[in-house]
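One structure is given below, encoded as structure tokens.
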Amino acid sequence: MKLFVDVTGKSFMVTKEAIEKTDQNGRQKSERETGRPMWVTQVMALDETGGEMINVTTAGERPTVTVGSQVALFMLEALPWATNGRNGVAFRAADIKLAGASASK
-17 MKLFVDVTGK SFMVTKEAIE KTDQNGRQKS ERETGRPMWV TQVMALDETG GEMINVTTAG
43 ERPTVTVGSQ VALFMLEALP WATNGRNGVA FRAADIKLAG ASASK
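Oh and the sequence shown: position 86 is 68 in my numbering, straight run, nothing missing.
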């Protein structure tokens, strides 16, 4: 089951440009199904209740967004995880574009 996040009424601003998502050996990860390289972009999610920093993973070309840019996240998915007594939520999006742009997917 995929858990998509409703981004209606939320704004997103880039706080750290996209970097390679790496494995424990420092090699860039890629999608299992497609082999596309994976990237992590840090954004601040903001709504009427406040803000939160999240890291959003995408696959394909490196997102061309810069720090301070208002962006849109397309098909934002929440991925709960638990490992070795730790847990959290990871986020993945089909695409990250400057606010007002349309998704390339």
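In this text, a Cβ means the ideal position worked out from N, Cα and C, and glycines have one as well.
Fair warning: this is a prediction, and the values are worked out from it, not measured in the lab.
Residue i: buried (16+ other C-beta within 10 angstroms of its C-beta) or exposed?
{"i": "Ile78", "result": "buried"}
{"i": "Val73", "result": "The sequence as given places Phe at residue 73; Val does not occur at that position. Label assigned to Phe73: buried."}
{"i": "Thr23", "result": "buried"}
{"i": "Val49", "result": "exposed"}
{"i": "Arg68", "result": "exposed"}
{"i": "Trp63", "result": "exposed"}
{"i": "Ala27", "result": "buried"}
{"i": "Leu(-15)", "result": "exposed"}
{"i": "Gly33", "result": "exposed"}
Starting from residue i, trace the beta strand (DSSP E) in both directions and tell me its first and last residue.
{"i": "Val71", "result": "68 to 74"}
{"i": "Lys77", "result": "Correcting the residue identity first, residue 77 is Asp in this sequence and not Lys. Its beta strand (DSSP E) spans residues 77 to 80."}
{"i": "Leu58", "result": "From DSSP, Leu58 is part of no beta strand (DSSP E); its letter is neither H nor E."}
What residues are listed by DSSP as bridge partners for residue i?
{"i": "Ala27", "result": "Phe(-6), Glu34"}
{"i": "Val96", "result": "Limits of the chain in this structure are -17 at one end and 87 at the other, which puts residue 96 out of reach."}
{"i": "Met(-17)", "result": "Partner(s): none; Met(-17) has no beta bridge."}
{"i": "Gln10", "result": "Thr4"}
{"i": "Val22", "result": "Ile1, Thr39"}
{"i": "Thr65", "result": "Arg68"}
If I'm right that residue i touches residue j with Cβ under 8 Å, what's the distance once you round it to whole angstroms?
{"i": "Leu61", "j": "Val53", "result": "The Cβ separation is near 20 Å, so there is no contact."}
{"i": "Leu58", "j": "Ala81", "result": "Incorrect: roughly 14 Å between the Cβ atoms, too far for contact."}
{"i": "Glu(-1)", "j": "Gln10", "result": "Between Gln10 and Glu(-1) the Cβ distance is about 15 Å, and since that is not below 8 Å, they are no contact."}
Is it the case that the segment 34 to 51 contacts the segment -12 to 6, given that we only count it when at least three CB pairs across the two stretches are under 8 Å? yes
Count the CB pairs spanning the segment 3 to 14 and the segment 43 to 50 that are closer than 8 Å, and state whether there are at least three. No, the segment 3 to 14 does not touch the segment 43 to 50.
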